[in-house]
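The structure under discussion appears below in the form of structure tokens.
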Amino acid sequence: MNIDRTVFAFAGLLVCISLALGFFSSPYWFVLTAFVGFNMFQAAFTGFCPIAILLKRLGLRQGAAFK
Numbered sequence: 003m004n005i006d007r008t009v010f011a012f013a014g015l016l017v018c019i020s021l022a023l024g025f026f027s028s029p030y031w032f033v034l035t036a037f038v039g040f041n042m043f044q045a046a047f048t049g050f051c052p053i054a055i056l057l058k059r060l061g062l063r064q065g066a067a068f069k
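When we follow my numbering, the leftmost residue of the sequence shown carries the number 3, and every step to the right adds one.
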């Protein structure tokens, strides 16, 4: 799996977890959902993604989106 697919999988997992926590625990967890969405939006235009930088340092293969 390359960095791009790992970033999308991680973002999707965080969104699902924060939605479940927001529904069952506290609505403040929806802030995490908003943060992940905003980060994905800005990464589409700037190419900057903190988790992609971390995954690159861990040695994952680069994809087309995050180099």
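Glycine included, each C-beta is placed from N, C-alpha and C at the ideal position.
If you draw a straight line from the alpha carbon of residue i to that of residue j, how long is it in whole angstroms?
{"i": "A2", "j": "I5", "result": "This structure cannot speak to residue 2, because the chain is shown only from 3 to 69."}
{"i": "C18", "j": "L60", "result": "25 Å"}
{"i": "A54", "j": "F68", "result": "7 Å"}
{"i": "V9", "j": "S28", "result": "26 Å"}
{"i": "A13", "j": "V38", "result": "6 Å"}
{"i": "F50", "j": "Q44", "result": "8 Å"}
Applying the 10 Å Cβ sphere with the 16-neighbour rule, what's the burial state of residue i?
{"i": "L15", "result": "exposed"}
{"i": "V33", "result": "exposed"}
{"i": "L57", "result": "buried"}
Between residue i and the ligand HEM, is there a pair consisting of the residue's CB and a ligand heavy atom that are separated by less than 8 Å?
{"i": "L23", "result": "Here there are no bound small molecules, and the ligand HEM is not part of this structure."}
How far does the alpha helix (DSSP H) with residue i in it reach, from first residue to last?
{"i": "G39", "result": "32-48"}
{"i": "S27", "result": "Looking at the DSSP string, S27 is not in any alpha helix (DSSP H), and its letter there is neither H nor E."}
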